[in-house]
Amino acid sequence: MRSNHRQARVQIIVALAVWAIGSFPQPSDAQWVQEDKITVVGGMPGDALGRHAALSGGVLIATAPMAEGPPAPRAYLFQVADGLQLHELTIEVEEEFEELHSVDIDGHHAVLGTVVDPDSAVNGAVYVFDVMEGQELARITHRDVAGLMPYSDFGVDLDLAEESLVVGAPFDAEGRTGAAYVFDATGRMVHRLTVPEAECDDRVGFSVAADRGIALIGAPHDDDACPANPDCESGAAYVFDLASGLLLLKLTASDVAPGDRFGWDVAMSGRIGIVGATGNDEMGSNSGAVYAFDLVTGEQLFKLTANDGAEGDRFGTGVAMSGSVAVIQARFKTYIFDVVSRIQLFGIEESLSYDSFDIDGDRVIVGASDVDDLRGAIYVFERTCFDLTGDASVGPADLAGLLEAWGPCEACPADVTRDGTVDFGDLLGLLSWWGPCPQPGACCLPGGTCVPAKMTGGLDCVEQSGTYQGDDSVCDDVRCE
Numbered sequence: 008m009r010s011n012h013r014q015a016r017v018q019i020i021v022a023l024a025v026w027a028i029g030s031f032p033q034p035s036d037a038q039w040v041q042e043d044k045i046t047v048v049g050g051m052p053g054d055a056l057g058r059h060a061a062l063s064g065g066v067l068i069a070t071a072p073m074a075e076g077p078p079a080p081r082a083y084l085f086q087v088a089d090g091l092q093l094h095e096l097t098i099e100v101e102e103e104f105e106e107l108h109s110v111d112i113d114g115h116h117a118v119l120g121t122v123v124d125p126d127s128a129v130n131g132a133v134y135v136f137d138v139m140e141g142q143e144l145a146r147i148t149h150r151d152v153a154g155l156m157p158y159s160d161f162g163v164d165l166d167l168a169e170e171s172l173v174v175g176a177p178f179d180a181e182g183r184t185g186a187a188y189v190f191d192a193t194g195r196m197v198h199r200l201t202v203p204e205a206e207c208d209d210r211v212g213f214s215v216a217a218d219r220g221i222a223l224i225g226a227p228h229d230d231d232a233c234p235a236n237p238d239c240e241s242g243a244a245y246v247f248d249l250a251s252g253l254l255l256l257k258l259t260a261s262d263v264a265p266g267d268r269f270g271w272d273v274a275m276s277g278r279i280g281i282v283g284a285t286g287n288d289e290m291g292s293n294s295g296a297v298y299a300f301d302l303v304t305g306e307q308l309f310k311l312t313a314n315d316g317a318e319g320d321r322f323g324t325g326v327a328m329s330g331s332v333a334v335i336q337a338r339f340k341t342y343i344f345d346v347v348s349r350i351q352l353f354g355i356e357e358s359l360s361y362d363s364f365d366i367d368g369d370r371v372i373v374g375a376s377d378v379d380d381l382r383g384a385i386y387v388f389e390r391t392c393f394d395l396t397g398d399a400s401v402g403p404a405d406l407a408g409l410l411e412a413w414g415p416c417e418a419c420p421a422d423v424t425r426d427g428t429v430d431f432g433d434l435l436g437l438l439s440w441w442g443p444c445p446q447p448g449a450c451c452l453p454g455g456t457c458v459p460a461k462m463t464g465g466l467d468c469v470e471q472s473g474t475y476q477g478d479d480s481v482c483d484d485v486r487c488e
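Set out below in structure tokens:
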């Protein structure tokens with residue numbers, strides 16, 4: 008009898024699978040799955056882990072700004088593959104009301120930025136830690152930054168790339184025009200990045216990004232689109248050379264309009280940069296948009312909006328990028344886009360309050376500080392082709408393997424959702440990949456040489472200062488200039 012029941016159930020599942028193969032759209036949200044939920048060992052209610060987070064090379068850093076001390080404030084380093092807690096990073100703050108506000112990690116270094124009560128003339132600070140040992144290597148305070156003015160909001164945003172650290176100070180300089188500062192890995196100041204034409208309250212340095220010797224700096228309150236209106240806030244972004252500190256380009260949107268706040272957040276990977284414009288009105292008032300640029304030529308490449316964008320979404324509130332894949336935050340959702348094909352790959356519904364996110368290769372982390380009685384957590388998502396047989400495609404043999412494992416199944420390859428059960432969630436994940444798995448595409452290297460990339464998403468291509476041509480592209484069909 009049980010055998011008959013199981014056979015009938017399998018027949019129903021197969022029938023549903025056959026229907027879904029023909030009707031399931033690609034690419035699908037099911038191609039990205041939650042792999043893990045990372046929490047602090049001994050975490051307490053109210054810690055708010057994940058308020059700020061960053062990811063690089065299999066290690067993530069996340070703040071727990073509300074954790075009670077002593078000492079406090081604090082952050083944690085985790086190994087992403089297994090959630091292992093590596094180090095607790097603690098800061099002995101120098102100023103009253105000093106709070107963690109920004110983090111980043113790259114290679115052997117992690118950095119934490121703090122801000123101070125805006126009513127105080129004292130600025131925040133930046134703390135540099137060794138990732139392997141969890142020890143503080145350097146701290147940069149307002150006393151170490153030549154020319155930094157009071158009330159500058161130093162530390163509100165920062166980015167660490169190779170051996171360069173860029174820190175925003177959007178209320179610095181005369182008239183609060185804003186600036187950004189460049190430091191080396193020891194904390195020594197190298198450059199102060201300013202815009203000669205900046206005007207009062209432009210807020211240069213409100214957002215910062217750096218990669219491959221270039222810095223991208225947002226100024227969302229720039230008024231160039233309507234200079235007669237001091238409240239225009241159309242926005243701008245600037246490209247600087249990190250070695251010399253020279254201003255290279257000014258970027259604005261081709262359809263710039265008052266209130267767009269272009270430059271609210273910025274990100275880059277190689278020569279491609281993306282800029283959030285949270286006040287753009289294409290899909291309704293303040294629906295938001297993100298623009299992609301070639302940071303060498305300054306050319307606007309395209310404009311991204313959410314498939315389900317609506318009034319008040321503020322799409323582009325946060326942006327991150329790795330290779331050809333971008334993560335974009337809106338008010339109620341976090342999206343993943345392929346910036347080569349411009350296809351929306353994934354949407355994480357914000358049933359939780361997602362405070363932070365980052366991407367590295369085919370892995371995305373999302374911080375949610377309000378879960379589990381405000382203990383907070385980091386959710387890890389990965390994009391992995393549902394190929395159970397190892398033949399670089401998803402087909403009948405993979406479907407048969409999933410059906411064979413149907414039901415409770417700890418650590419099964421078919422349990423792609425990692426919930427201990429092979430069920431319809433896993434079935435939809437498999438069906439979303441039906442057919443050949445994406446393959447690393449062509450990479451145009453400097454000088455015009457085309458070589459095959461080694462990773463989907465093209466992160467290895469970008470690391471060679473190349474331009475990725477998209478998954479499944481081949482050099483025979485590509486013209487590199």
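In terms of the working numbering, the sequence shown opens at residue 8 and continues consecutively. The beta carbon of each residue, even a glycine, is placed where N, CA and C say it ideally should be. All values reported here derive from a predicted model rather than from experimental measurement.
Buried or exposed for residue i, please, with buried defined as at least 16 other CB atoms from any protein chain shown within 10 angstroms of its CB.
{"i": "A296", "result": "buried"}
{"i": "M1", "result": "Outside the displayed range of the chain (8 to 488) lies residue 1, so it cannot be described from this structure."}
{"i": "N236", "result": "exposed"}
{"i": "P447", "result": "buried"}
{"i": "I45", "result": "buried"}
{"i": "G330", "result": "buried"}
{"i": "T481", "result": "Note that residue 481 is Val in the sequence shown, not Thr. Classification for V481: exposed."}
{"i": "R195", "result": "exposed"}
{"i": "S439", "result": "buried"}
{"i": "H116", "result": "buried"}
{"i": "I350", "result": "exposed"}
{"i": "D191", "result": "exposed"}
{"i": "G436", "result": "buried"}
{"i": "Q33", "result": "Note that Q33 scores a pLDDT of 47, beneath 50, so its modelled location is shaky; the value from the coordinates is reported in the next line. Result: exposed."}
{"i": "V48", "result": "exposed"}
{"i": "S4", "result": "No statement about residue 4 is possible, as the shown extent of the chain runs from 8 to 488 and does not include it."}
{"i": "F309", "result": "exposed"}
{"i": "P203", "result": "exposed"}
{"i": "D362", "result": "buried"}
Is the Cβ-Cβ distance between residue i and residue j less than 8 Å?
{"i": "L258", "j": "A244", "result": "yes"}
{"i": "P177", "j": "F213", "result": "yes"}
{"i": "G323", "j": "W271", "result": "yes"}
{"i": "H149", "j": "H108", "result": "no"}
{"i": "G455", "j": "C487", "result": "yes"}
{"i": "D301", "j": "I281", "result": "no"}
{"i": "R338", "j": "P52", "result": "no"}
{"i": "V429", "j": "W441", "result": "no"}
{"i": "L200", "j": "A180", "result": "no"}
{"i": "R5", "j": "W39", "result": "This structure cannot speak to residue 5, because the chain is shown only from 8 to 488."}
{"i": "G64", "j": "D367", "result": "yes"}
{"i": "L165", "j": "V174", "result": "yes"}
{"i": "I385", "j": "L67", "result": "yes"}
{"i": "A55", "j": "P80", "result": "no"}
{"i": "V373", "j": "I355", "result": "yes"}
{"i": "G182", "j": "A375", "result": "no"}
What residue does the beta strand (DSSP E) around residue i start on, and which one ends it?
{"i": "V47", "result": "First-last for V47: undefined, no H or E at that position."}
{"i": "V297", "result": "A296 to D301"}
{"i": "E491", "result": "This structure leaves residue 491 out entirely; the chain is present only between 8 and 488."}
{"i": "D248", "result": "A243 to D248"}
{"i": "V173", "result": "S171 to A176"}
{"i": "D166", "result": "L165 to A168"}
Ends of the alpha helix (DSSP H) at residue i?
{"i": "V378", "result": "V378 to L381"}
{"i": "E3", "result": "A question about residue 3 goes unanswered here, because the residues of the chain that appear run from 8 up to 488."}
{"i": "S331", "result": "Looking at the DSSP string, S331 is not in any alpha helix (DSSP H), and its letter there is neither H nor E."}
Since residue i contacts residue j with CB under 8 Å, what's their CB separation in whole angstroms?
{"i": "V215", "j": "I224", "result": "6 Å"}
{"i": "D209", "j": "S241", "result": "In fact, because the Cβ distance is near 11 Å, the residues do not count as touching under 8 Å."}
{"i": "G131", "j": "F161", "result": "5 Å"}
Hey, would you say the C-beta of residue i is under 7 Å away from at least one heavy atom of the ligand NAD?
{"i": "P453", "result": "Of the ligands one can find in the structure shown there are none, so the ligand NAD has no counterpart to examine."}
Starting from the N-terminal side, write out each stretch of the beta strand (DSSP E) that is 3 residues or longer and does not extend beyond the segment 89 to 163. As far as the segment 89 to 163 is concerned, its whole beta strand (DSSP E) runs of at least 3 residues are 91 to 97, 106 to 113, 116 to 122, 133 to 137 and 143 to 147.
What are the complete alpha helix (DSSP H) segments, minimum 4 residues, inside the segment 195 to 241? The segment 195 to 241 contains no whole alpha helix (DSSP H) run of 4 or more residues.
Would you list, in sequence order, the uninterrupted alpha helix (DSSP H) runs of no fewer than 4 residues that lie entirely inside the segment 407 to 466? Scanning the segment 407 to 466 for uninterrupted alpha helix (DSSP H) segments of 4 residues or longer gives 431 to 439, listed from N- to C-terminal end.
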